[in-house]
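A short worksheet on the structure shown next.
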Ligand code: B12
Ligand SMILES: Nc1nc2c(ncn2[C@@H]2O[C@H](COP(=O)(O)OP(=O)(O)OP(=O)(O)O)[C@@H](O)[C@H]2O)c(=O)[nH]1
Ligand SMILES: [Mg+2]
């Protein structure tokens, strides 16, 4: 049991998910919200999740604990498999717990406990009891040193950067190494969906390459908790060539976690990636998360601004500072009726800038969207990703161990 581990003032990070062949997500949705209200950072993976996807995400996110909500009747085998997969990936010290109402009996729970499950909550347990016990038992300091290697070591290093937040300023990350694209745009414009589609292009076009995704989401200003929900859209992150890390802003108002510069630096310097995409939180008209306007160090090599057709009107477009600074602009959700007007208004705004900024019309929710293909090609050109035509041959990327 994790009860004897040291405590830390940093928020508990918990990965929650619903197992494969199970669509019962209303319990975990309620529990996620309650966890966030109690100051916990929740990385929600979604429903119908495999044991390997859960273990991969838990290690990359370096969570304190994994919480599963299981109603499909396969809990004895599934929880055991998650524990085994965590051990295989070096995350054997991450406890696994969960619930499933009346589908998990006390006799089942005894078997599960023997197989490595930390705790099961039965039907009728009050939310307040669960929250108090989770906060009591699953807080711990980041693990120092240890035998972590590869992505596991990288995940821990990012956690350490988050824990040192009070000391460092926005140090300028080292240049060179992987090409870093900052992705910003209003809440819900489709940044995560677009990033996932770009990831699918990368995986197809660069069979030997690796991509890192750094997703920033807001902390609640009252509780300090957060729902780090960008992973739900990350279907293609279920591949060992993708490293996905969620960061809560923890009071930073820049649109990024204060640890993001250090995390970008770690990802670059790791030499493990060919492309790094950094998603900001949903940004406003004056936002400049990646330091494009000289008020802080420039954090990325290129910036992609993602807009959706419902931005208001031309006057709103004039106020969006990032439209002046972004290298690439995507008008997403082009399946909407307003997209035609939006496209011409945004194009006119970009023409006024006179910087030759390209406008890409995308529908990220549509598989194989040609607009996303063109956007990926533009990024690949900037990043000098030398992909094989049609993705048939390995691209000539330098992959360091
Ligand atoms: C709501 C519900 C549905 C909804 C799901 C909506 C949704 N999006 O989640 C709908 C109607 C869609 C549905 C569909 C089905 N359902 Co249904 N469903 C239920 C029901 C009534 C409630 C489950 C629930 O959400 N409870 C609310 C939670 C908050 O309370 P709780 O379950 O008591 O959990 C407690 C703890 O365990 C803990 N907890 C739970 N998870 C977690 C996780 C963590 C991390 C923590 C800390 C705690 C925790 O929280 C609670 C604290 O008190 C149960 C019956 C029941 N009364 O349990 C059947 C039930 C789970 N469903 C069942 C079945 C069979 C189905 C269907 C297959 C039916 C069908 N033939 O189509 C489908 C499958 C859907 C799918 N895709 O998977 C069976 C499962 C039988 C089994 N496994 O042996 C049940 C048990 C009903 C029954 N008696 O037959 N279902
Ligand atoms: N119709 C339509 N819906 C889309 C498209 N792209 C994304 N969506 C939907 O828009 C919603 C928000 O998408 P996300 O990718 O989560 O948006 P986001 O910008 O990352 O959101 P935040 O991170 O919360 O700021 C989801 O329901 C997506 O399925 C699109 O091209 N067309
Ligand atoms: Mg997002």
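In my numbering, the protein residues as written are 31 to 431. Positions of the beta carbon are idealized from the N, C-alpha and C atoms, including for glycine.
First and last residue of the beta strand (DSSP E) that includes residue i?
{"i": "residue 390", "result": "388–391"}
{"i": "residue 99", "result": "95–99"}
{"i": "residue 43", "result": "43–47"}
{"i": "residue 214", "result": "209–214"}
{"i": "residue 333", "result": "332–337"}
Within the 7 Å Cβ cut-off, does residue i reach chain B?
{"i": "residue 155", "result": "You won't find chain B in this structure, because it holds only one protein chain."}
Just the Cα atoms here: how many angstroms apart are residue i and residue j?
{"i": "residue 149", "j": "residue 410", "result": "46 Å"}
{"i": "residue 33", "j": "residue 239", "result": "Only weak support exists for where residue 33 lies, its pLDDT of 35 falling under 50; the coordinates are left without a value."}
{"i": "residue 158", "j": "residue 308", "result": "36 Å"}
{"i": "residue 279", "j": "residue 77", "result": "25 Å"}
{"i": "residue 365", "j": "residue 302", "result": "36 Å"}
{"i": "residue 87", "j": "residue 223", "result": "18 Å"}
{"i": "residue 230", "j": "residue 125", "result": "31 Å"}
{"i": "residue 387", "j": "residue 350", "result": "15 Å"}
{"i": "residue 44", "j": "residue 70", "result": "7 Å"}
{"i": "residue 294", "j": "residue 329", "result": "8 Å"}
{"i": "residue 214", "j": "residue 52", "result": "33 Å"}
{"i": "residue 401", "j": "residue 131", "result": "45 Å"}
{"i": "residue 179", "j": "residue 304", "result": "19 Å"}
How would you label residue i, buried or exposed, when you count the other beta carbons within 10 angstroms and need 16 or more for buried?
{"i": "residue 428", "result": "Interpretation of residue 428 is limited by its pLDDT of 34, a score under 50 that renders its predicted location unreliable; the figure taken from the coordinates is listed afterwards. That one is exposed."}
{"i": "residue 208", "result": "buried"}
{"i": "residue 283", "result": "exposed"}
{"i": "residue 47", "result": "buried"}
{"i": "residue 201", "result": "Here residue 201 scores only 49 on pLDDT, less than 50, and its place in the model is too uncertain to base an answer on."}
{"i": "residue 342", "result": "exposed"}
{"i": "residue 61", "result": "buried"}
{"i": "residue 162", "result": "exposed"}
{"i": "residue 261", "result": "buried"}
{"i": "residue 105", "result": "buried"}
Under 7 Å, do residue i and residue j count as touching if we go by C-beta distance?
{"i": "residue 332", "j": "residue 211", "result": "yes"}
{"i": "residue 111", "j": "residue 81", "result": "yes"}
{"i": "residue 191", "j": "residue 290", "result": "no"}
{"i": "residue 379", "j": "residue 347", "result": "yes"}
{"i": "residue 168", "j": "residue 89", "result": "no"}
{"i": "residue 259", "j": "residue 74", "result": "yes"}
{"i": "residue 244", "j": "residue 194", "result": "no"}
Tell me, which residues are paired with residue i by DSSP?
{"i": "residue 309", "result": "213, 245"}
{"i": "residue 402", "result": "According to DSSP, residue 402 bridges with nothing at all."}
{"i": "residue 276", "result": "245"}
{"i": "residue 323", "result": "Note: residue 323 sits in no beta bridge, so no partner."}
{"i": "residue 61", "result": "Beta-bridge pairing links residue 61 to no other residue."}
{"i": "residue 127", "result": "97, 149"}
{"i": "residue 347", "result": "Paired residue(s): none; residue 347 is not in a bridge."}
{"i": "residue 74", "result": "46"}
State the start and end residues of the unbroken alpha helix (DSSP H) segment that holds residue i.
{"i": "residue 224", "result": "221–235"}
{"i": "residue 108", "result": "105–118"}
{"i": "residue 376", "result": "369–383"}
{"i": "residue 184", "result": "180–193"}
Legend entry - For ligand 5, residues whose Cβ lies under 5 Å from any non-hydrogen atom: Summarising the ligand content, the structure contains ligand 1, ligand 2 and ligand 3 and does not contain ligand 5.
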